[in-house]
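**Q** Have a look at this one before I ask anything.
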Amino acid sequence: MGKYIKSFVERVLKNEQGSYRCQGGRLTPEQRKAIVIQNNKFRSQLIRGELKNKAGEFMPRGKNMLRMRWSCSLEYSAQRWADRCIFGHSPRDQRNNIGENVYAYWSSGSVEGHRKTAGTDAGKNWWSELPERYGSNPSNNLTAQVSSQGVLHFTQMAWGKTYKIGCGIATNCDGGRTLM
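Counting from 327, one number per residue, gives the positions in the sequence shown under my numbering.
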């Protein structure tokens with residue numbers, strides 16, 4: 327029995343350390359890796375001070391930002407919610423106050439072609455809130471005013487202490503929608 331538990335714990339720890347193979351998920355290892363690479367690239371731009379807000383001002387450099395890695399447990403939770411085909415956030419008590427971004431893609435045709443890039447498309451969409459909506463905020467503090475600008479998806483991705491990501495995907499919700 328002890329050998330089985332040790333093996334299970336080792337597999338869980340390996341997955342939490344950045345494996346791109348998760349049991350029961352609908353994303354491929356390549357999709358998971360692309361999402362992590364994209365998030366780390368975006369965050370690196372913030373660290374280097376290369377990003378401008380809506381006012382055309384450079385954002386303060388990110389400090390003490392952790393490198394993102396894939397989490398199979400977050401993917402499992404996100405997949406359970408995506409499988410419901412509800413466009414909206416899951417109840418906070420069902421995700422232990424973990425941040426959550428939601429993305430939907432609609433098409434009158436097949437959404438299967440979009441499935442492969444849905445994760446990185448969602449990331450681009452959320453990150454674009456910075457130049458499209460984020461006003462001047464020299465202190466870089468998350469305030470009620472900042473929240474009201476519609477940039478909370480961006481701030482979820484840019485939050486310095488965030489270091490795990492996991493996504494779920496559902497296709498053909500309501501006959502032509504992909505949820506991420």
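Each residue gets a CB set at the ideal place from its N, CA and C atoms; glycine is no exception.
1. Measure from the alpha carbon of M391 to the alpha carbon of each residue in N379, N498, T488, then state which is nearest.
2. Run the CB neighbour count on D500, radius 10 Å, all protein chains shown included, and call it buried at 16 or more, exposed below.
3. Please classify K487: does DSSP put it in a helix, a strand, or coil?
4. Answer with buried or exposed for W432, where buried requires no fewer than 16 other C-beta atoms within 10 angstroms of its C-beta.
5. Helix or strand or just coil, what does DSSP make of G492?
6. What are the residues that DSSP puts in a beta bridge with R395?
7. Starting from N422, follow the alpha helix (DSSP H) in both directions and report where the run begins and ends.
8. Could you please give the first and the last residue of the uninterrupted alpha helix (DSSP H) stretch that includes S345?
9. Taking the CB atoms as reference points, tell me whether Q482 and G461 lie closer together than 9 Å.
10. Could you check whether G449 and I361 sit closer than 9 Å to each other, using their CB atoms as the reference points?
11. Go to L372, then tell me how far its alpha helix (DSSP H) extends in each direction, as first and last residue.
12. Under a three-way DSSP split, which group does K378 fall into?
13. In whole angstroms, what separates the C-alpha of G351 from that of E376?
14. Helix or strand or just coil, what does DSSP make of F384?
15. With 16 other CB atoms within 10 Å as the buried threshold, where does H479 fall?
16. Nearest to A404 by alpha carbon, out of N466, A484, E455, I424?
**A** If we stick to the structure as given:
1. Within the sequence shown, residue 391 is the residue found at index 65, counting from 1. The option with the nearest alpha carbon to M391 is T488.
2. Working through the sequence shown from its first residue, we reach residue 500 at position 174. Looking at its Cβ environment, which holds fewer than 16 other Cβ atoms inside 10 Å, D500 is exposed.
3. Taking the first residue of the sequence shown as position 1, residue 487 is located at position 161. Coil.
4. Your numbering for residue 432 matches position 106 in the sequence shown. By the 16-neighbour rule on beta-carbons within 10 angstroms, W432 is exposed.
5. Taking the sequence shown and counting its residues from 1, one reaches residue 492 at position 166. Here G492 sits in coil by DSSP.
6. Numbered from its first residue, the sequence shown carries residue 395 at position 69. In DSSP, R395 forms a bridge with K490.
7. Working through the sequence shown from its first residue, we reach residue 422 at position 96. Counting along the chain, N422 falls outside any alpha helix (DSSP H), and DSSP gives it neither H nor E.
8. The residue you call residue 345 lines up with position 19 of the sequence shown. Where S345 is concerned, there is no enclosing alpha helix (DSSP H), because DSSP gives it neither an H nor an E.
9. Here residue 482 is taken as the residue at index 156 of the sequence shown, counted from 1. Here residue 461 is taken as the residue at index 135 of the sequence shown, counted from 1. Cβ distance not < 9 Å, so Q482 and G461 don't count as in contact.
10. Counting from one through the sequence shown, the residue named residue 361 turns up at place 35. Counting from one through the sequence shown, the residue named residue 449 turns up at place 123. Yes, they are a contact pair.
11. Against the sequence shown, residue 372 aligns to sequence position 46. L372 -> alpha helix (DSSP H) spans 355 to 373.
12. Against the sequence shown, residue 378 aligns to sequence position 52. K378: strand per DSSP, three-state reduction.
13. Numbered from 1 along the sequence shown, position 25 holds the residue referred to as residue 351. Numbered from 1 along the sequence shown, position 50 holds the residue referred to as residue 376. Roughly 34 Å between the two C-alpha positions.
14. Here the question's residue 384 lines up with position 58 in the sequence shown. Residue state, collapsed to three classes: strand.
15. Here residue 479 refers to the residue found at position 153 when the sequence shown is read from its first residue. Under this definition H479 is a buried residue.
16. Walking along the sequence shown from the start, residue 404 turns up at place 78. Here the closest residue by C-alpha is I424.
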